[in-house]
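In what follows, a structure is listed as structure tokens, so that the remarks can point back to it.
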């Protein structure tokens, strides 16, 4: 695949700070989250010699949109250029949305022995196959430009990287989901870029 993608996760939100699960819910970026978005934007601006040649995509969820707006400002792109795509939304976490992760792990002790895949056990959660399907649809979109910056989420971003690099199920959930780094997807490889 010749396409190059810079994949960013939104900055820290109030729910992140409270250890609450978000899924399709929204929560504002914290002061730290705004700083993280600024750091990612500055790092990205240093990597792209011609930012106007890059398309900017975002999940439509507020935390991703706000991060994308900060990115567009630093790249001197119009916020009107941000292309919102529902396929980039976070994994829907059903009845666990807005619940605190530590409380869930106390209630269901077996969760703490699993990696990120424990989120899929939420009652009413989006199925892994559905998440994979919508992200693969975006990744294989014929009209998707060759140079793309995308702002998404932790879990959906891990699955997108897994699809790109053809990782197996267990390897997908072993990945990190940082808010102080982002990833370059190019020539079938994934490169972590610290901010």
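Numbering (our numbering), first residue to last: 24 to 218. For every residue, glycine included, the Cβ atom is placed at its ideal position computed from N, Cα and C.
Residue-chain proximity (residue i, chain B), Cβ-Cβ < 9 Å
i, result
"residue 75", "Structure shown: chain B not included; a single protein chain is present."
Beta-ladder partner(s) of residue i, from DSSP
i, result
"residue 212", "209"
"residue 81", "107 and 174"
"residue 55", "Paired residue(s): none; residue 55 is not in a bridge."
"residue 73", "Bridge partners of residue 73: none, in fact."
"residue 66", "Partner(s): none; residue 66 has no beta bridge."
"residue 237", "Nothing about residue 237 can be reported from this structure: the residues present for the chain run from 24 to 218 only."
"residue 217", "204"
Close Cβ partners of residue i (< 8 Å) along its chain, the five nearest in sequence each way excluded
i, result
"residue 144", "131 and 134"
"residue 105", "79, 80, 81, 88, 91, 92 and 95"
"residue 218", "59, 62, 63, 65, 66, 203, 204 and 205"
"residue 114", "46, 142, 143, 148, 149, 154, 176, 178, 179 and 182"
"residue 128", "134 and 135"
"residue 225", "A query on residue 225 cannot be resolved here, the shown segment of the chain reaching from 24 to 218 and no further."
Contact set for residue i: own chain, Cβ-Cβ below 6 Å, skip 5 residues either direction
i, result
"residue 102", "92 and 95"
"residue 90", "33, 34, 60 and 174"
"residue 64", "93, 94 and 97"
"residue 27", "170 and 209"
"residue 123", "42 and 43"
"residue 213", "184, 188 and 206"
Neighbourhood of residue i by C-beta distance below 7 Å, restricted to the same chain and skipping five residues each side
i, result
"residue 118", "145, 146 and 147"
"residue 49", "84, 85 and 86"
"residue 109", "83"
"residue 163", "none"
"residue 51", "36 and 37"
"residue 195", "181, 182 and 185"
"residue 215", "204 and 206"
Cβ-Cβ separation, residue j to residue i (assumed contact under 8 Å), whole Å
i, j, result
"residue 173", "residue 80", "4 Å"
"residue 168", "residue 78", "4 Å"
"residue 208", "residue 187", "5 Å"
"residue 154", "residue 182", "6 Å"
"residue 111", "residue 161", "6 Å"
Proximity test, residue i beta-carbon vs the ligand MN heavy atom, cut-off 8 Å
i, result
"residue 28", "The ligand content of the structure shown is nil, which means the ligand MN is not present either."
CA nearest to the CA of residue i, picked from the options
i, options, result
"residue 197", "140, 88 and 106", "140"
"residue 200", "189, 185 and 178", "178"
"residue 156", "128, 185, 136 and 129", "185"
"residue 74", "125, 55 and 100", "100"
"residue 25", "165, 215 and 194", "165"
"residue 54", "68, 36 and 70", "36"
"residue 56", "31, 69 and 72", "31"
"residue 151", "69, 116 and 70", "116"
### Query
Quick one: complete alpha helix (DSSP H) runs, 4+ long, within the stretch 176–202?
Counting only runs of 4 or more, we get 177–188 and 192–195.
#### Entry: Continuous beta strand (DSSP E) assignments of at least 3 residues falling wholly in the stretch 83–163
Counting only runs of 3 or more, we get 105–107.
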